[in-house]
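Everything below concerns the one structure shown next.
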């Protein structure tokens, strides 16, 4: 394979395109590629004229750097040797260095420009034994120069060189995917045909290459296969990101799936807007507008010939829209809003306020297709959705990229036909937007054959407990005869008369139950006012309490009647209360409440099950609201205990920390766990942001043990990263790269190092004096790691990761009693994970906070070896008093 500019550019975009180029496959360039080449040639000629470069310095074949003049620019120099045939746009020598120059036709430096000139320089360095430290990119109308350091692109170059070597040694064509470059590639038609033939996952526009590879590892290679793994979410309150599986299902079934119902707010006036712009120049030259006021529609187009006229078209837009009040501005994607925000700086204060109002009144229709509605289209682009709704553009090749080609062509030739095409295309985009909006609003009125609600799909596919719908009316009647209650009350009673004699038990009210125990308050000895000892009973207040009597042999219900007698002084006639008056506020005893909290926290039993247990086992009616109220009361009662645990953990020398996601109704939150060897507490946080830790642990001077979450990096205390997480990640990558010998050596060396350290720990414990000897082994491991020049991406990735976390991997060698893993926190977080498995998405914010308070106490009891129920029954507030 001859390495030339076409091969290098193709490698950056797509390895399959490079493969076809290497086979000398011929195909006509697209219109877009041709116009870019023309712009590049014009830019190059202008650069030559600007620098007065003579003809003799153009198109030379490179021989030796000694043949070139200092401070002179050479254009289109060719480097040809062995399998290298590279032509660079420019070459420049100063007294010390040599620069490779790339001339870009665009107004901004792109990633393609950087990688192209970096690859050119790499091959020139390799074959011609030249030293190139820096490259230059010339761009923009003012011929600006960007000077780039070649070593900054080492990672990208290594990856592309690896792809090239694989292509040179490949027997079969490489695997390829659809990407953004396909729009301008001359081979796109053939490639897309092959992708459709194999029903490739990359046809789904929202799937990136890494996601595709992950699904391939699970045995999913086609859109059809992907469609079979969709599962409706268990909890309808939990929102999820875009679901490619549901998109694949929609394509397979050719149905539109409704994940969430959409109710667009109705407005008398609706505005549909679309911008056309040139991305590298950051300008918008065309604004299309459709204003619908009832049945009246008006269309507007605002055109800018130059960049200087851009502000004018926005002023015209404002003039047209200002007379209208209370309208909604529909757009598709974020491009229009970004354009409005960017133009703000150039507008007057009054116009700035109006543009901000437009932004506030805007609605992005694309969000509906990413969150709510899944039509049977491969992507959610405006074109795909509109084509699905049978809307067609006048030009079949119309697209956003094609519009850029038309604009460039108009600037080069000034032909009115290109301008007409752009204006028509822009207005048709607005019309398509209107069609899509109308279709969304009409979904509830359309027939159900082509639509299906995911909630209903969930019931059909997963849950089998549902009422059957029979097409034959008689089947419906026959089926009703088989219902359990009907059988017992209408059929079986005729055969077995005893069934009719069975009575359903009813729970008696607590007041009507015979008490097992009566406790009466004692008569006061004298009146508190006049010291008279003669008094008589005035009234009695009864309070019946149902409780549980728990002994070593069993649990039973007990009814206690408390009698509070009030007395009247015979002398002063004042009412006298007994000194031992019972302050009973609840009809449920404390031991019963302790038992409920223990069931809820210790065993994660639901409100329903607790209520059923009390009813069936003890004939006690305890409704849900009372259980919830009990949880709140206990959380408040033991708040002091919770704060005591927090202070104990924060004052310790070692803290283990971890976090996990939890859902409350319709939003995500996080539960954070903090623990040491004998206490644990949980905190509710709305996000995963770790900023609060700086203030929360501001006085902590010990060692913080955690996983590799970057949020902990800002903590100034000593940190120990969990090595179990590290070896899991190493093992996962080793499974995927089993034939990478260099990576296997890294893994084995680290395994040997960790084995020696853990052997010492198992023998002597976590003692600094015994672990100190392993520091030399750690230094030797990193010395060998950094001494080796790795080529594969996986080795480079792990070399970087080891070096970036070096100071946090072996902190435990410098302390006594510091573990090398975070299993303490992971064990504590399991209690939350088990609760989440059954109740994720159900609690409220207050509910989960109260639960975490009580869970912290229960888990700390577990760490202390204290029975949680015994602690509740003891009446003590501090666990450490047990």
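Numbering (UniProt numbering), first residue to last: 1 to 882.
Backbone N, C-alpha and C fix where the C-beta goes; we use that ideal spot for every residue, glycine too.
All figures in this text were calculated on a predicted structure; none of them were measured in a lab.
Residue closest to residue i, alpha-carbon to alpha-carbon, out of the options
i, options, result
"residue 681", "456, 672, 688", "672"
"residue 313", "321, 322, 303", "303"
"residue 554", "51, 880, 618", "618"
"residue 810", "625, 539, 718, 87", "718"
"residue 594", "578, 572, 632", "632"
"residue 623", "642, 596, 692", "596"
"residue 606", "851, 527, 529, 638", "851"
"residue 522", "373, 540, 513", "540"
"residue 79", "48, 128, 47", "128"
"residue 125", "823, 62, 625", "62"
"residue 615", "639, 556, 662", "556"
"residue 546", "514, 755, 530", "514"
Expected contact under 8 Å - CB spacing of residue i and residue j to nearest Å
i, j, result
"residue 391", "residue 416", "No, residue 391 and residue 416 are not in contact; Cβ-Cβ is about 26 Å, not under 8 Å."
"residue 423", "residue 286", "7 Å"
"residue 4", "residue 85", "5 Å"
"residue 878", "residue 641", "6 Å"
"residue 562", "residue 538", "In fact, because the Cβ distance is near 17 Å, the residues do not count as touching under 8 Å."
"residue 781", "residue 743", "Contact doesn't hold; Cβ gap of about 15 Å is too wide."
Local conformation of residue i per DSSP, three classes
i, result
"residue 60", "coil"
"residue 833", "helix"
"residue 130", "coil"
"residue 176", "coil"
"residue 505", "The predicted model places residue 505 with a pLDDT of 49, which falls under 50 and marks its position as unreliable; any figure quoted below should be read in that light. It is coil, neither helix nor strand."
"residue 526", "coil"
"residue 267", "coil"
"residue 603", "coil"
"residue 489", "helix"
"residue 841", "strand"
"residue 720", "strand"
"residue 363", "strand"
"residue 461", "For residue 461, the pLDDT reaches just 46, beneath the cut-off of 50, and the residue's location in the model is therefore unreliable, although a value from the coordinates is still provided. Of the three classes helix, strand and coil, the one that applies to residue 461 here is helix, per DSSP."
"residue 89", "strand"
"residue 628", "helix"
"residue 685", "strand"
Proximal residues to residue i (C-beta, below 7 Å), its chain only, five neighbours per side dropped
i, result
"residue 460", "Confidence in residue 460 is poor, its pLDDT being 49 and thus under 50, which makes the residue's placement unreliable; the coordinate value appears in the next sentence. Answer for residue 460: no residue qualifies."
"residue 53", "73, 75"
"residue 425", "393, 395, 398, 403"
"residue 384", "377, 378"
"residue 799", "785, 790"
"residue 20", "187"
"residue 202", "177, 178, 195, 212"
"residue 604", "834, 835, 838"
Neighbourhood of residue i by C-beta distance below 8 Å, restricted to the same chain and skipping five residues each side
i, result
"residue 98", "65, 91, 92, 130, 131, 132"
"residue 462", "Unreliable positioning characterises residue 462 in this predicted model, as indicated by a pLDDT of 43, which lies under 50. A coordinate reading is not provided."
Nearest-angstrom Cα separation, counted from residue j out to residue i
i, j, result
"residue 29", "residue 371", "38 Å"
"residue 470", "residue 189", "49 Å"
"residue 574", "residue 564", "17 Å"
"residue 588", "residue 612", "16 Å"
"residue 504", "residue 857", "With a pLDDT of only 49 at residue 504, under 50, the local geometry of the prediction cannot be trusted, and no value is derived from it."
"residue 113", "residue 67", "28 Å"
"residue 187", "residue 17", "7 Å"
"residue 56", "residue 118", "26 Å"
"residue 242", "residue 158", "33 Å"
"residue 602", "residue 779", "47 Å"
"residue 308", "residue 361", "28 Å"
"residue 10", "residue 804", "34 Å"
"residue 150", "residue 807", "29 Å"
"residue 279", "residue 335", "10 Å"
"residue 812", "residue 366", "51 Å"
"residue 950", "residue 487", "Residue coverage of the chain in this structure runs from 1 to 882, which leaves residue 950 outside it and unanswerable."
"residue 655", "residue 703", "6 Å"
"residue 853", "residue 629", "15 Å"
Nonlocal neighbours in the same chain, by C-beta distance under 6 Å from residue i, ignoring five residues either side
i, result
"residue 136", "99, 101, 145, 147"
"residue 843", "664"
"residue 845", "664"
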